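Novice:
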Amino acid sequence: MKPALIFEAFLGAAPRWYKLTVLLFLLLNPLALLSLGATVAGWLVLLEFIFILAMTLHCYPLQPGGLLALEAVLMGMTDAAHVYAEVVRGFPVILLLIFMLAAVYFMRDVLLATFTRLLLAVRSKALLALLFCGVTAVLSAFLDALTVLAVVIAVGAGFYWVYRGVADGATRAADAAPATDASVAASSTRDLETFRAFLRGLMMHAAVGTALGGVCTLVGEPQNLLVGERAGWDFAEFFLKVAPVSIPVLISGLALSLLLERLQWFGYGALLPDAAREALVAWSRNEAARRSAAQRWRLWVQGLAGLVMVAALAFHVAQIGLIGLLVLVLVTAFSGVIEEQRLGEAFRDALPFTALIVVFFAIVSLINVQNLFAPVMEHVLALEGRERLAMFYLANGALSSISDNVFVATLFIHEIERPFAAGALTREQFEALAIALNAGVNIPSIATPNGQAAFLFLLSSSLAPLIRLSYLRMVWMALPYFVVTTIVGLLAVLQLAG
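Each residue of the sequence shown is one higher than the last, beginning at 654 in this note's numbering.
1) So, are the CB atoms of V967 and A1092 less than 9 Å apart?
2) Where does Y921 fall in DSSP's three states?
3) By the DSSP assignment, the alpha helix (DSSP H) with A1075 in it spans what residues?
4) Which residue from A864, H969, A958, L911 puts its Cα closest to that of E882?
5) Determine the DSSP secondary structure at V775, reduced to helix, strand or coil.
6) My guess is that A755 and F1110 are in contact by the Cβ rule of under 8 Å, so how many angstroms apart are they, rounded?
7) Where does I1120 fall in DSSP's three states?
8) Over what stretch of residues does the alpha helix (DSSP H) that includes S1113 continue unbroken?
9) Below 8 Å, how does it come out for the segment 1126–1139 and the segment 857–866: are there three or more Cβ pairs, yes or no?
10) What first and last residue would you give for the alpha helix (DSSP H) that runs through Q1023?
11) Would you check if the distance between the CB atom of I976 and the CB atom of M753 is smaller than 9 Å?
12) The alpha helix (DSSP H) that contains P683, what's its start and end?
13) Need the endpoints of the alpha helix (DSSP H) that E1081 sits in, please.
14) Assuming G866 and A766 make a contact with CB atoms under 8 Å, what is their CB distance in whole Å?
15) Skipping 5 residues on each side, what residues in its chain have a beta carbon closer than 7 Å to that of V898?
16) Between A1150 and G997, which are expected to be in contact by the criterion C-beta below 8 Å, what is the C-beta distance as a whole number of angstroms?
17) Taking Cβ positions only, does V736 come closer than 9 Å to chain C?
18) Figure out for me which residue from L1052, Q994, F1065, L978 has the closest Cα to the Cα of N1021.
19) What residue from E661, L684, T709 has the CA that sits closest to A1107's CA?
20) To the nearest angstrom, how far is the alpha carbon of V902 from that of E874?
21) At the level of alpha carbons, what is the spacing between G922 and K778?
This is how it looks when you write it as structure tokens:
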């Protein structure tokens, strides 16, 4: 077998420099363990893993991260028993990812209808921005943020191709329409650019909304469930505990969406061209007229299933993942979706990230076995009151902006659990740190696409190149939200010290 062929197959389509970097990591780690000891080698593995998470756009981190975790086990820096123990502790999160995400998959039609009606019914761009941000925030507090954003992206992409058909002089665009502007009529070029800017703004407001709502509830983000489970909070208790931080952040974010549209700063403020509105309204009416009785019935089923889910979560009738399974059964049974293949499609999107979560737990196992964070946490916990909360919030916020939120939450919740169990922290101090952790991993992480899965999902979607949404443009458009909500979150966290 030729070495060139083996190298080409390794990590598939990842860039050559990335493959070489991962191979270098795998080579350096055993050498570091033998020459510098387990502590240095452990920190090296952790930093390498964070780098891999930060480079998600170049390669999905499951395979390179999994190789690092496997190597750590083979080097004896942790073992399969410790990894399994971490997975068992995080099992509620795994259930959430498997069943709740699958349930929401079958509720996309009612979400799609909601956002379509919203976009066409509201003429004020500032009000529309507020509603998109607010509605995605509310939905993301109860549903998976990626699914909510996937629906918004589907609406945006559908509308783009409808108007693109008009701009091309066709009656309606197909998915195979050209990605370049060569076919666009000269009279429509300016309107098309304005329409792109209009959609960019809405997509960013929606993406930020998923973060603003996701911080509020136990099911808003997977990392919330990690924090809530370890703190012993149910759905209602979690909401009330984090509300002194999450609600001011939510209000500030919603107010900022209005302000940005009014001032037309940071790429916001573009209006929907009249020609585009006319085309979209005509298309929407045609789609509504073609909707069959069976399709209307499915919308009712999905809406009622959503109400059942909200009620079950509010009253904590079961573990969150089991509630997801309940909703999955209800919405598919009464919609006639009983084929194994169609059910499998709902689980397909969630399972890669579920596997990645298990890799996270393997790295966390290494950190715990080697006590890597003990000196750092001793320094943080030696601080008093507001200074300790501020340091904790900013530290996990900074790490979350370049890494994965779930991974960071898993690391830090372990580090405050141990002193609490040992009596070094009171229950009140532990809860204040848990709230600061939840805020830190959810709010400052909107600084970059790497920090928010929803941002990364939008950036890697087929819509992003169509509306000219690049990495740097996303960072620029997220900047005001990052600055304002991070400061508001920090001020709110400081109040927890009394």
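For every residue, glycine included, the Cβ atom is placed at its ideal position computed from N, Cα and C.
All figures in this text were calculated on a predicted structure; none of them were measured in a lab.
Specialist: By the coordinates alone:
1) Per the sequence shown, residue 967 should be read as Ala rather than Val. Not a contact, by the Cβ cut-off of 9 Å.
2) coil
3) Looking at the DSSP string, A1075 is not in any alpha helix (DSSP H), and its letter there is neither H nor E.
4) H969
5) coil
6) Between F1110 and A755 the Cβ distance is about 17 Å, and since that is not below 8 Å, they are no contact.
7) Look at I1120 here: in three-state DSSP terms it is coil, with no helix or strand label.
8) Per DSSP, S1113 belongs to no alpha helix (DSSP H) and is neither H nor E.
9) Between the segment 1126–1139 and the segment 857–866, the count of Cβ pairs shorter than 8 Å is three or higher; the stretches touch.
10) 1003–1023
11) Yes.
12) 669–689
13) 1080–1095
14) So it is not a contact: roughly 20 Å between Cβ atoms.
15) I1088, A1092, G1142, A1145, V1146
16) No, A1150 and G997 are not in contact; Cβ-Cβ is about 49 Å, not under 8 Å.
17) No chain C appears in this structure, which consists of one protein chain only.
18) Ranking L1052, Q994, F1065, L978 by Cα distance to N1021 puts F1065 first.
19) T709
20) 16 Å
21) Cα to Cα, G922 sits roughly 7 Å from K778.
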